[in-house]
Structure formats: C-alpha cells, structure tokens
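The numbering of the sequence shown is our numbering, which starts it at 122 and goes up by one.
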Amino acid sequence: MRHFLTLADCTPDEVEQILDISAELKEGYEAGNRPSLLANHVLGLLFSKPSLRTRVSFEAGISHLGGTSLYLGNDVGWGKRETPSDFSRVLSQFLDFVVCRTHDHSDVEILATHADCIVINGLTDKYHPCQAIADALTLRELKGNLKDCKLTYVGDGNNVARSLALVCDRLGMTFTIACPNGYQLDQAFLDSLPNAHLMSQTDDAEQAVSDATAVYTDVWSSMGYEAEEAQRKRDFADFQVNEALMAKAPSDAIFMHCLPAHRGDEVTDGVMDSDQSRVVEQAANRMHAQKGLMVWLARQTS
Ligand code: CP
Ligand code: NVA
C-alpha cells in the first residue's frame, strides 16, 4: 500500500510522474473531459483542523474522477474513542483513500501503519506535501524548466516551508528561506537532502529575494500556534512581504502564498492583489495536482 505522508518518501521521478498526470488531467478538464479514472472510489476527509482549499479541492477532485467523498470531523473520535490502530483498521475498511489533517505528524504515520487504504497527508504540523506538489505544478506552468528556478520563502520555517524545500530538492530547484533566528528549518534536515547544495537559510530577506523566480510566504502563526501570535508578530516584523521587498526582487518574479493569508501581517494587500501575485492560480492547482496524486497513488497500489 503506497501512502503519501511526505515528499521525503518520493523519488524525483515519482514527483515528475505525479506532475505529468496532474497536467494531463488539468488540460483534459479545461477541454471539458472528466474521465472516471476513480469510479466508485470513496475518499474520507479526516480533519481535526479547519480547511477551505484542501477539503474542497479533494472533494471536487474525486467527484470529477467518478468517485465520492465523506467529510469526517471531530465526531468520529480519532484519538479519543478507541485506540488509533482499531480506528485506522476499521475506517480503512470503508474507504479507498483517507486524507487526514491534524497536529502531530506521528498520528498520521500511525494511521498509515494500520490502514488498509491509501493515506494522504492533508497537513500536519511538520509537512504539507499536497500544497508543495500543487505549487510545483504552478511553477512548472509559469516558468517551464524548474531547474532554472529559485524559490525564496520569506517567513516561518513551518510545515509549508519544509515541504517546499523537499519538492525543490526533488525537482532540482534552488530554495532559500529568509527567516528570523529561532524559526529556521532544522539545518540537519536541509543538509540531509540529496540536493543540499541548492538549499540555504538566511536572515537577510532583501538579499534572498534579489534573484528569486518566486517569492513565497505563509502565516507567521500556523494553526495550533495561536498562543504565540503576539510574540511572533514582533519577531517576524522585518519579514513582511510588502511592496518594498518585492521591489528588491527581479521585476518578473511572481508572488506565492499557500493561503489563507493574514493580510497586513506576512503580506500586504498591495502584494496580494498585485499583477505579480499568483495566489488564486496556486489554490486552483490544488485540485488538479491532487487529482493527479490520487490517480498516481491508485496505480501504485493496484
Ligand atoms: N493552503 C491550504 O491548505 O488551505 P486550507 O487550510 O484552506 O486547506
Ligand atoms: N502553515 C499553515 C498552513 C495553512 C494551510 C498552518 O499550518 O496553519
């Protein structure tokens, strides 16, 4: 059974395969085709954090492919009513895929260990691989050869940053994170990547964006870190992506954000709504990339 918990488990070839299927399905969808590649498949969405993009893009995507979905909120009692292994063994009798969103990455690993269906990580505190796959699709569409691209992420070394580093590593893209001290990615993690020479960290945001193909940011306080919000606003004050910072980037650099954005904190209205902003295209590609991912995972497992 092949799961999708982190891009660390995928080879570069596998990431390319997922992107190729996604691009093909997207082209077909835009031409009016909705092939029933996952007819009668059932997707469960096991979410203990809120979601707009991940939930709706998976639900719409499986429907386009001929399948159906079930949203499973807190009432199913994941981690509360029975052991995690009993929960997983039973839930996976009913489903072909389960997309889960929670805090501890280890909870998703336990779910996958005991599951008899495909488990997809829809965000944990550590990783957000579906976001990174979709963003790679967006960059590939906009810029072509990703090996010529440099993604500069300005902000918290969080789940999104870690998954972006992984997708850049797999696709041979240069990745820099500009971040205040104390919020960086684990240097040992970056050093362990096959393309470690393409990865860097700095606290100089202006320098980091100066040769960027894309400038990316995410919220300063992720879900679950709300208690640290006041401190984080102080710590990240010099790391806002605003018009002045974008002026230091090449004029054809694009702006990216996984969303939801906290306008006025990590990004200004002016940047979010600028001609350089590709945030809506990114969100749209969540659906196309996840359709490709589901089809690819089903093929690995059949
Ligand atoms: N980017 C993202 O995962 O958005 P949601 O939290 O709305 O799913
Ligand atoms: N880093 C954010 C991403 C939301 C999609 C969070 O975990 O809340």
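Where a beta carbon is used, it is the ideal one built from N, C-alpha and C, also for glycine.
Query: Alpha-carbon to alpha-carbon, Leu-287 and Leu-314; Result: 8 Å
Query: Under the three-state DSSP convention, the category Phe-179 falls into; Result: helix
Query: Element boundaries [beta strand (DSSP E), containing Thr-234]; Result: It is not in any beta strand (DSSP E) - Thr-234 instead sits in the alpha helix (DSSP H) that spans 226-235.
Query: Minimum length 3: unbroken beta strand (DSSP E) runs contained in the segment 284-317; Result: 295-299
Query: Close Cβ partners of Ala-404 (< 7 Å) along its chain, the five nearest in sequence each way excluded; Result: Arg-174, Leu-380
Query: Contact test: Val-177 Cβ vs ligand 2 heavy atom, cutoff 8 Å; Result: no
Query: DSSP three-state assignment for Phe-357, whether helix, strand or coil; Result: coil
Query: Residues of its chain near Val-426, where Cβ-Cβ distance is below 8 Å and the 5 sequence neighbours each way are ignored; Result: As displayed, the chain neither begins before 122 nor continues past 423, which places residue 426 out of reach and without an answer.
Query: Outcome for Phe-215 when other beta-carbon atoms lying within 10 angstroms are tallied against a minimum of 16; Result: exposed
Query: Distance cut-off 8 Å: Ser-343 Cβ against heavy atoms of ligand 2; Result: yes
Query: Close Cβ partners of Cys-289 (< 6 Å) along its chain, the five nearest in sequence each way excluded; Result: Leu-272, Phe-296
Query: Alpha carbon of Leu-319 to alpha carbon of Lys-201, nearest angstrom; Result: 42 Å
Query: At least three beta-carbon pairs within less than 8 Å, the segment 191-201 to the segment 236-253; Result: no
Query: Exposed unless 16 or more other CB atoms sit within 10 angstroms - verdict on Lys-268; Result: exposed
Query: Burial state of Thr-132 (16 or more Cβ within 10 Å); Result: exposed
Query: Pairwise C-alpha distance: Met-408 and Phe-179; Result: 6 Å
Query: Nonlocal neighbours in the same chain, by C-beta distance under 8 Å from Ser-284, ignoring five residues either side; Result: Thr-127, Leu-128, Tyr-248, His-249, Pro-250, Gln-252, Ala-253
Query: Given Asn-242 as reference, the closest of His-226, Ala-255, Thr-234 once Cα atoms are compared; Result: His-226
Query: Burial state of Ala-358 (16 or more Cβ within 10 Å); Result: exposed
Query: Which listed residue (His-235, Val-177, Val-416, His-185) has its alpha carbon closest to that of Thr-204; Result: His-235
Query: In DSSP terms, what Asn-242 is bridged to; Result: Cys-221
Query: beta-carbon His-249 near ligand 2 non-hydrogen atom, thresh 8 Å; Result: yes
Query: Coarse secondary structure for His-124, derived from DSSP in three states; Result: coil
Query: Beta-carbon contacts of Glu-230 that lie in its chain and below 8 Å, excluding the five residues immediately before and after; Result: Leu-126
Query: Paired residues, beta bridge with Tyr-337 - DSSP; Result: Tyr-274, Met-377
Query: Sub-9 Å separation of Leu-94 and Arg-210 beta-carbons; Result: Residue 94 is absent from the structure shown; the chain starts at 122 and stops at 423.
Query: Spatial neighbours of Glu-424 in its chain, beta-carbon cut-off 7 Å, leaving aside the 5 residues before and after; Result: For the chain, the structure presents residues 122 to 423; residue 424 sits outside this window and is missing.
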